[in-house]
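Asks:
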Amino acid sequence: MEETMERRMQPGSKVCCPRRRPVRPNLRPTGPRKNLNPKNASAKALNQETTPTRHRVLALPDDVLSQVFEYVCQPDLDPISNPRWRRTSYPLWLGKVCRAWRECAWATSEIWTTIIVRISTHNLGVQTDILREWLERAKGRPLDVYIEQSTGRLSPTWRVDVRLLLSLLTGHSEQWRRIGLYHLFQYEFFFRTIPIPGLSLPLLRHASIGHGENEILAKFEVNLKAAPLLQTLSLSNFTFNNPDYLSSYPTDQITRLFLSSSIQIDLNDLLSRFPELRELTWSKCQCFNLQPTIHEGLEFLDVDFGIESSPGTFFYQLSLPTLKSLSLRISKPFQYTTRLEYISPCFQKGCSLTQLTLECQMTSTYENDLINLLSSEPISSSLTELRIRDLNFRIGKVHVPEQGTQWGLSQIFFDHLYTQTFPNFLPNLEVLEYEGQLTVQTLDFINPLMIRSGALPESSAGSASGIAALRRATITADQKNYSISGLLDAQYLWEIISLVEAGLLVLVNMDGTTWV
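If you want it as structure tokens, here you go:
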């Protein structure tokens with residue numbers, strides 16, 4: 005199984021832990037002997053402090069303990085952020101704590117339903133034995149299966165050994181609920197030889213297929229057309245230059261598609277192959293679009309353009325009339341006139357866009373470009389939720405701005421939220437979030453937020469003209485010299501505090517602490 009588990013297993017051994025001496029009820033913490041010396045004052049104090057907590061955890065009912073085990077052993081299965089199914093805890097680790105935990109873990113079939121096989125080139129026999137007992141402990145439950153090829157040296161009998169291991173897994177294909185195949189180009193021969201009637205996939209709903217970061221392949225032959233419930237498909241490091249590159253997948257029933265680090269994608273051809281697509285996540289891919297493209301069903305679009313990709317190329321001649329949520333991550337500084345001018349025409353045919361998330365390098369130089377995008381129709385009149393994140397702070401980098409340039413939003417952006425001065429700027433906005441640097445001089449940037457939320461009298465005029473009430477405004481930025489407690493106007497201070505206590509206004513620093 006997984007590398008961390010393999011190091012604890014010897015050839016010919018079983019999955020279960022060896023017999024141990026009876027464990028006394030009064031358990032003591034494990035660790036170096038010197039830490040258990042009662043003469044050590046700090047160790048003694050730590051022991052006294054943790055003993056009650058340890059006993060309370062060990063005294064949990066089995067059903068509660070089983071739920072805890074299931075939670076800690078479940079990896080994050082996001083195909084973009086965790087494509088290789090890394091996790092922090094394993095079922096075999098739990099059995100090392102004490103006998104009670106071992107018995108509970110062995111009897112909890114839910115924690116054995118996630119099978120992560122990182123194929124070892126020199127220990128395939130042991131892995132196959134472990135896998136066999138692992139499947140027995142799952143007790144027929146639906147399985148989440150991940151298989152990854154190792155990069156080590158191959159043994160002379162590796163084809164036979166790999167076939168035995170993979171045959172054991174495919175023999176339980178009727179239990180597969182989610183499948184992840186990574187870096188398996190050397191094992192393609194096995195999946196290609198499986199006949200369609202021999203691979204039963206009645207429960208499969210998620211499939212993820214990817215190659216190594218430096219391997220971009222045109223096709224990987226694993227036939228998933230026998231999966232009637234498959235709706236989520238993830239592909240990474242593919243070259244989409246083959247006319248039948250998607251012939252192995254039931255594209256007409258896919259509703260969620262994740263594409264990562266792939267090239268030569270004909271966007272018009274791609275979208276036409278997924279008529280039922282509702283959600284598309286596009287991460288660092290390269291595409292071209294030579295003709296007008298329209299998709300009548302896409303509702304959620306998440307795009308990370310990276311450094312090499314261009315937003316203009318992606319949105320050129322693209323029409324998404326049913327799109328509700330758009331998330332854009334742009335590595336370069338925000339330039340509406342040169343990179344995002346095609347976004348607004350994308351929604352002209354019956355726009356239903358209500359949520360927009362922008363992650364980019366915010367600078368004062370291009371602040372007007374951001375305002376131009378948000379002022380363009382039909383985006384301005386349809387948006388109800390807007391989230392802006394300065395990418396410089398998201399990735400933790402410290403940049404030195406060019407001469408005459410400042411990072412982050414300034415007073416200019418917030419002034420456009422005044423309902424009487426700019427009544428047509430985001431009139432239906434209900435949620436506003438900003439994370440990054442502020443280049444404002446005072447707390448006056450809060451005024452339009454208070455007006456929109458209804459805390460100041462001017463908002464009554466705005467409401468009469470059809471301006472929606474702001475339900476929540478969240479500003480995540482270092483406070484610096486913006487002192488709330490130092491305000492001399494007691495009424496104004498009370499109004500800010502009231503909004504904060506009601507959850508309508510959230511002011512926090514980058515480290516998560518609240519403004520004071």
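Its first residue numbered 5, the sequence shown is counted upward by one per residue in my numbering. Where a beta carbon is used, it is the ideal one built from N, C-alpha and C, also for glycine.
How many angstroms separate the CA atom of GLU439 from the CA atom of ILE383?
Replies: The sequence position of residue 439 within the sequence shown is 435, counting from 1. The sequence position of residue 383 within the sequence shown is 379, counting from 1. Near 21 Å, if we compare the C-alpha coordinates of ILE383 and GLU439.
Asks: For ARG475, does the three-state DSSP call read helix, strand or coil?
Replies: Position 471 of the sequence shown, counted from the first residue, corresponds to residue 475. In the structure shown, ARG475 sits in coil (DSSP, three-state: anything other than H, G, I, E or B).
Asks: Which same chain residues end up closer than 7 Å to TRP89 when comparing Cβ atoms and leaving out the 5 residues on each side of it in sequence?
Replies: Sequence index remark: in the sequence shown, residue 89 carries index 85 (1-based). Correct list, in chain order: PRO79, LEU81, ILE120, TYR150, GLY184.
Asks: Identify whether VAL512 lies in helix, strand or coil by the three-state DSSP scheme.
Replies: For the purposes of this step, residue 512 is identified with residue 508 of the sequence shown, where counting begins at 1. In the structure shown, VAL512 sits in a strand (DSSP, three-state: E or B).
Asks: Quick one: grab the DSSP three-state call for GLU283.
Replies: Within the sequence shown, residue 283 is the residue found at index 279, counting from 1. Strand.
Asks: Name the one or two DSSP bridge partners that THR1 has.
Replies: Outside the shown range of the chain, which is 5 to 520, sits residue 1, and nothing can be said about it.
Asks: Within the same chain, show all residues whose beta-carbon is closer than 6 Å to that of TRP286, passing over the 5 residues directly before and after it, in chain order.
Replies: Indexing the sequence shown from 1 puts residue 286 at position 282. So the list reads LEU263, VAL307, once near-sequence residues are dropped.
Asks: Helix, strand or coil for GLY184, going by three-state DSSP, please let me know.
Replies: As a first step, residue 184 must be located in the sequence shown, where it is residue number 180. GLY184 falls in the strand class under three-state DSSP.
Asks: When the Cα of GLU137 is compared with those of PHE73, LEU172, LEU208, PRO146, which residue comes out closest?
Replies: To locate residue 137, count along the sequence shown from 1; it is residue 133. Comparing Cα positions, the closest option is LEU172.
Asks: State the CB to CB distance for the pair ASN241 and SER266, rounded to an integer number of angstroms; the pair is presumed to be in contact (CB under 8 Å).
Replies: Here residue 241 refers to the residue found at position 237 of the sequence shown. Here residue 266 refers to the residue found at position 262 of the sequence shown. Confirmed, Cβ separation roughly 6 Å.
Asks: Do you know offhand how far TRP411's Cα is from LEU284's?
Replies: Your numbering for residue 411 matches position 407 in the sequence shown. Your numbering for residue 284 matches position 280 in the sequence shown. Approximately 31 Å between the Cα atoms of the pair.
Asks: Let me check you understand the geometry: is the CB of ASP482 closer than 7 Å to at least one non-hydrogen atom of the ligand NAD?
Replies: As far as ligands go, the structure on display features none, and thus does not contain the ligand NAD.
Asks: Look at the Cβ atom of GLN153, then the Cβ atom of ILE134, and state whether they are nearer than 8 Å.
Replies: In the sequence shown, counting from the first residue as 1, residue 153 sits at position 149. In the sequence shown, counting from the first residue as 1, residue 134 sits at position 130. Result no, Cβ atoms of GLN153 and ILE134 do not sit closer than 8 Å.
Asks: Which one or two residues does DSSP pair with GLU439 in a beta bridge?
Replies: Start at 1 with the first residue of the sequence shown, and residue 439 comes out as number 435. The partner list for GLU439 (beta bridge, DSSP) reads ARG393, THR480.
Asks: Can you pull the DSSP bridge partners for SER329?
Replies: For this step, residue 329 is matched to residue 325 along the sequence shown. According to DSSP, which records beta bridges pairwise, SER329 is partnered with PHE304, GLN359.
Asks: Return the bridge partner residues of SER323 from the DSSP annotation.
Replies: As a position in the sequence shown, residue 323 is number 319, starting the count at 1. Note: SER323 sits in a beta bridge opposite ILE298.
Asks: Closest by CA to ASP482, which one among ALA494, THR517, ILE375?
Replies: The sequence position of residue 482 within the sequence shown is 478, counting from 1. Of ALA494, THR517, ILE375, the residue nearest in Cα terms is THR517.
Asks: With burial defined as no fewer than 16 other Cβ atoms inside 10 Å of the residue's Cβ, what is the status of ALA109: buried or exposed?
Replies: Residue mapping note: residue 109 aligns to position 105 of the sequence shown, counting from 1. Buried is the call here.
Asks: For LEU508 and ILE375, what's the separation of their Cα atoms in angstroms?
Replies: Counted from its first residue, the sequence shown places residue 508 at position 504. Counted from its first residue, the sequence shown places residue 375 at position 371. Their backbone Cα atoms lie some 23 Å apart in a straight line.
Asks: Can you tell me where the beta strand (DSSP E) with TYR150 in it begins and where it stops?
Replies: Locating residue 150 in the sequence shown gives position 146, where the first residue counts as 1. Residues 147–153.
Asks: Hey, out of ALA230, ARG106, SER380, VAL512, whose CA is closest to SER252's CA?
Replies: Indexing the sequence shown from 1 puts residue 252 at position 248. Comparing Cα positions, the closest option is ALA230.
Asks: In three-state DSSP terms, what is THR117?
Replies: Taking the first residue of the sequence shown as position 1, residue 117 is located at position 113. Here THR117 sits in coil by DSSP.
Asks: If we call anything under 8 Å between Cβ atoms a contact, is GLN290 one with ILE258?
Replies: In the sequence shown, the residue the question calls residue 290 occupies position 286. In the sequence shown, the residue the question calls residue 258 occupies position 254. Cβ distance not < 8 Å, so GLN290 and ILE258 don't count as in contact.
Asks: I'd like to confirm the pairing. Which residues does DSSP put opposite TRP411 in its beta bridges?
Replies: Reading the sequence shown from its first residue, position 407 is the one you call residue 411. Answer is THR367, bridged to TRP411.
Asks: Would you grab the beta carbon distance between ARG145 and THR117 for me? Rounded to a whole angstrom, and I think it's under 8 Å.
Replies: Taking the sequence shown and counting its residues from 1, one reaches residue 145 at position 141. Taking the sequence shown and counting its residues from 1, one reaches residue 117 at position 113. Indeed, because the Cβ distance is near 5 Å, the residues count as touching under 8 Å.
Asks: Looking at LEU98: is its Cβ nearer than 8 Å to the Cβ of THR132?
Replies: Taking the sequence shown and counting its residues from 1, the one referred to as residue 98 is at position 94. Taking the sequence shown and counting its residues from 1, the one referred to as residue 132 is at position 128. Not closer than 8 Å, so no.
Asks: Suppose contacts are defined by Cβ-Cβ distances below 8 Å. Is LEU357 in contact with SER386 by that definition?
Replies: Stepping through the sequence shown from its first residue, residue 357 is reached at position 353. Stepping through the sequence shown from its first residue, residue 386 is reached at position 382. Taking 8 Å as the Cβ cut-off, LEU357 and SER386 qualify as a contacting pair.
Asks: Around the C-beta of THR297, are 16 or more other C-beta atoms found within 10 angstroms, so that it is buried, or is it exposed?
Replies: Numbered from its first residue, the sequence shown carries residue 297 at position 293. Buried, since its Cβ has 16 or more Cβ neighbours within 10 Å.
Asks: Can LEU395 and GLN365 be called in contact, C-beta distance under 8 Å?
Replies: Position 391 of the sequence shown, counted from the first residue, corresponds to residue 395. Position 361 of the sequence shown, counted from the first residue, corresponds to residue 365. Yes; because the gap between Cβ atoms is below 8 Å, this pair is in contact.
Asks: Identify whether ILE455 lies in helix, strand or coil by the three-state DSSP scheme.
Replies: Here the question's residue 455 lines up with position 451 in the sequence shown. DSSP places ILE455 in helix when its eight states are reduced to three.
Asks: Do ILE479 and LEU447 count as a contact pair if the criterion is CB distance below 8 Å?
Replies: Residue numbering aside, residue 447 sits at position 443 when the sequence shown is read from its first letter. Residue numbering aside, residue 479 sits at position 475 when the sequence shown is read from its first letter. Contact: no.
Asks: Please classify GLN424: is it buried, with 16 or more other beta-carbons within 10 angstroms of its beta-carbon, or exposed?
Replies: Looking up residue 424 in the sequence shown gives position 420. Exposed.
Asks: Quick check on the DSSP output: the alpha helix (DSSP H) that includes ILE347 runs from which residue to which?
Replies: Sequence index remark: in the sequence shown, residue 347 carries index 343 (1-based). No alpha helix (DSSP H) contains ILE347, which DSSP labels as neither H nor E.
Asks: Just mark ALA468 as buried or exposed, buried being the case when its beta carbon has 16 or more other beta carbons within 10 Å.
Replies: Position 464 of the sequence shown, counted from the first residue, corresponds to residue 468. Any reading at ALA468 is ruled out, since the residue's pLDDT is 42, under 50, leaving its predicted position unreliable.
Asks: Here's a check: name, in chain order, each residue in its chain whose Cβ is nearer than 7 Å to the Cβ of LEU302, leaving out the five neighbours to either side.
Replies: Reading the sequence shown from its first residue, position 298 is the one you call residue 302. Contacts found: LEU281, ARG282, LEU284, LEU324, THR326, LEU327.
Asks: How many Å lie between CYS77 and THR92 at the Cα?
Replies: Position 73 of the sequence shown, counted from the start, is the residue given in the question as residue 77. Position 88 of the sequence shown, counted from the start, is the residue given in the question as residue 92. The straight-line gap from Cα to Cα measures roughly 7 Å.
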